[in-house]
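Visitor: Just so we're aligned, residue 1402 is where the sequence shown starts under our numbering, counting upward by one. We put the CB at the ideal spot given by N, CA and C, even for glycine. Here's a structure for you.
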Amino acid sequence: MTSTMDNKNAKRWLIVLGTVIMQMGLGTIYTWSLFNAHLVTKFGWELNSVSITFSITSFALAFATLFAGKLQDRFGLRRLTAAAGIVLGLGLILSSQANSLLMFYVLAGVIVGFADGTAYITSLSNLIKWFPNNKGLISGVSVGAYGTGSLIFKYINGSLIDSVGVSNTFMYWGMIVMVMIVIGSLLVREAPVQAALPGAASTSTIAKPKDYTVKEMLRTKEAYLLFIIFFTACMCGLYLIGIVKDIGVQLAGLDVQTAANAVAMIAIFNTAGRLILGALSDKMSRLKLVGASLAVTAAAMLTLSYATLNFGLFFTCVAAIAFCFGGNITVFPAIVSDFFGLKNHSKNYGIVYQGFGIGALSGSFIAVFLGGFKPTFVIFGLLCLLACIIAISLKPPVEKVKENEKKALRLKATERTA
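Here you go:
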């Protein structure tokens, strides 16, 4: 019996390792801001036009999550994630030959983003199912690896750009990432749905929810409110990631090299937020934690807009936003499972996750419409405050049912007394 349990635990941790390797490869797309200025210099394009590539990538990533669950049902997790890694790598390799914005939008945007989203959502949801009683912590490990990949490749891609040029960097980047994701895919196994696995003591304070189908979930108002919260958090975080280097130069007056360090700052605090808030979410209300992080994000956004920025203040605001964004991305998969169950998690989370892609595009378009960084940050700050209020007042459907049952019992008791 003991030997069987040891084998199961060893199997689970091998799956963790495979997922971490995959997620690190997938997270390298967060280094995109390193490429903006170099592509502008090489091809003479406008900065805003180039930076939209990352928004397209993010939108395609989120859009892929709508189909990833069904693709997994048809092809299996290992084959699907391996195929996604190959397609993602090829998209980057072919980007090395791109010489027009349209080609970058299609290759580095649509193709890379769709492949990234397919492997991201399926491997993350699978890992959560292997650890159903520690969803926040294990989600933090998975998406923390995603952030770690961006940190490591900040230096790898930065060094490659300096040594072989921006176009050739795409080729080497694609080859490395393809190998990482394929190797990771070979280590994962699909989890039994809601299995009571050994070695995971329950710390959740929320009762086991009903397993909602996508159609059932979409009939609840909670699904749409969660979407609004997630959309706001993602819009703020992704906009900052895409143009942080340029903010440092234009608003804080930093030199290009110093401002580029903000990419590493985002990666470090993004990863820290994923690990710390992910683990913390198993011990307290996840939505209150999200509400607090949105309040901090709002304060940082308004500071970027109204304060006179220097080196310290700029990096403090960037670190705060990155930390909260990383935490929110981590906590939300667990929130969706708390609300709507684990059985259809990848499909249900795929719906809510559209806030990621729509948020990415919305941030860029709002910035273009408003014509500058500062008014954009004001709007983002106010939206974060609104999302914060929604988050701290929202309750899962299972809690609402329990409240109604208590009211019914109190009513019966009153009737008996009368």
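(1) Less than 8 Å between the C-beta atoms of V1719 and A1663, yes or no?
(2) Does the structure place the segment 1429-1440 close enough to the segment 1521-1538 that three or more beta carbon pairs sit under 8 Å?
(3) Can you tell which of A1701, G1674, T1709 has its C-alpha closest to the C-alpha of A1653?
(4) Under 6 Å Cβ to Cβ from L1462, same chain only, skipping five residues before and after it: list those, please.
(5) Please name the residue, chosen from R1590, I1793, A1696, A1723, that lies closest to L1676 on a Cα-to-Cα basis.
(6) If I'm right that A1469 touches T1523 with Cβ under 8 Å, what's the distance once you round it to whole angstroms?
(7) Going along the chain, which residues of its own chain have a beta-carbon closer than 7 Å to the beta-carbon of I1430, five neighbours each way excluded?
(8) Does the segment 1767-1780 touch the segment 1482-1499, meaning 3 or more C-beta pairs lie closer than 8 Å?
(9) Over the uninterrupted alpha helix (DSSP H) stretch that includes P1381, give me the two end residues.
(10) Does DSSP classify D1563 as helix, strand or coil?
(11) So which of F1778, K1471, L1688, Y1754 has the shortest CA-CA distance to G1764?
(12) Just how far apart, CA to CA, sit Q1498 and G1486?
(13) Write down every uninterrupted run of the alpha helix (DSSP H) in the segment 1574-1658 whose length is 4 residues or greater and which is fully enclosed by it, in chain order.
(14) Could you work out which residue in I1539, C1635, F1740, M1504 is closest to A1761 when comparing CA atoms only?
(15) Around the C-beta of L1587, are 16 or more other C-beta atoms found within 10 angstroms, so that it is buried, or is it exposed?
(16) With H, G and I counted as helix, E and B as strand and the rest as coil, what does DSSP make of D1474?
(17) Considering just the uninterrupted stretch of the alpha helix (DSSP H) at N1437, what are its terminal residues?
(18) Among S1434, G1756, L1448, M1423, which one has its Cα closest to the Cα of L1481?
(19) Report buried or exposed for N1749, applying the criterion of at least 16 other Cβ atoms within 10 angstroms of its Cβ.
(20) Taking the Cβ atom as the reference point for each residue, do L1743 and D1612 lie within a distance shorter than 8 Å?
(21) I believe S1434 touches K1646 by the beta-carbon criterion, under 8 Å. Please report the beta-carbon distance rounded to the nearest angstrom.
Guide: For this structure:
(1) yes
(2) no
(3) T1709
(4) G1514, D1517, G1518
(5) A1723
(6) 5 Å
(7) T1458, V1513, D1517
(8) no
(9) Any question about residue 1381 goes unanswered here, given that the chain covers just 1402 to 1819.
(10) helix
(11) F1778
(12) 19 Å
(13) 1615-1619, 1622-1651
(14) C1635
(15) exposed
(16) helix
(17) 1434-1444
(18) M1423
(19) buried
(20) yes
(21) 5 Å
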